[in-house]
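What follows is a single structure, written as structure tokens, with notes after it.
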Amino acid sequence: MRDLGVFHAISEVFLRLCRSQMAPNRFSISNINWQSRKWMAEVMVAEKSLPKIPSGRGRPYQMLILQDIEGKQVQATIFGNDINLLSNTLKIYHTYSITNATVNTIAEH
126 MRDLGVFHAI SEVFLRLCRS QMAPNRFSIS NINWQSRKWM AEVMVAEKSL
176 PKIPSGRGRP YQMLILQDIE GKQVQATIFG NDINLLSNTL KIYHTYSITN
226 ATVNTIAEH
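Numbering of the sequence shown is given in this note's numbering, commencing with residue 126 and proceeding in unit increments.
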């Protein structure tokens, strides 16, 4: 069973990506929660689903699994227009510095 953590990053302007910029506070995924501010985590895109359009009135979304150097994983979700904006940016097995993404707690499965 995979450790997906208990939170996921939600996109409004999804992730601020930077390749080698030092951020104010570098964290392991396991130390980031909904109260975290001014944080940065180095993560690899371990999985990337195809974009999905929910039936009804929901907005399109795309799921990713991000993994840090400790092997901790988190589910991230890209919404709406950000899917197209980031389609050529977030590549599977590439590593990124993620800074200050919005974090929400979700129920464990």
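The C-beta atom is built at its ideal place from N, Cα and C for all residues, glycine as well.
None of the values given here were measured: they were computed from a predicted structure.
Just to check my reading of the structure: residue i and residue j have Cβ atoms closer than 8 Å, yes? What is that Cβ distance to the nearest angstrom?
i: T230; j: M169; result: Between M169 and T230 the Cβ distance is about 23 Å, and since that is not below 8 Å, they are no contact.
i: T224; j: W164; result: 7 Å
i: A166; j: I190; result: With 8 Å as the limit, A166 and I190 do not qualify as a contact, their Cβ atoms being about 14 Å apart.
i: Q187; j: P176; result: 4 Å
i: K173; j: L215; result: 7 Å
Terminal residues of the continuous beta strand (DSSP E) containing residue i?
i: N229; result: 227-230
Would you mind stating whether residue i and residue j have Cβ atoms separated by less than 8 Å?
i: S153; j: K197; result: yes
i: P185; j: I208; result: yes
For residue i, does the three-state DSSP call read helix, strand or coil?
i: A148; result: Interpretation of A148 is limited by its pLDDT of 49, a score under 50 that renders its predicted location unreliable; no figure is taken from the coordinates.
i: T224; result: strand
i: G130; result: Confidence at G130 is low in this model, with a pLDDT of 38, below 50, so the placement of that residue should be treated as unreliable; the coordinate-derived value is given next. Note: G130 maps to coil in three-state DSSP.
For residue i and chain D, any beta-carbon pair shorter than 8 Å?
i: I178; result: In summary, chain D is missing from the structure at hand, where a single protein chain is found.
Checklist entry - At what residue ranges does the stretch 174-222 contain a whole run of the alpha helix (DSSP H), taking only runs of 4 or more? => result 207-211
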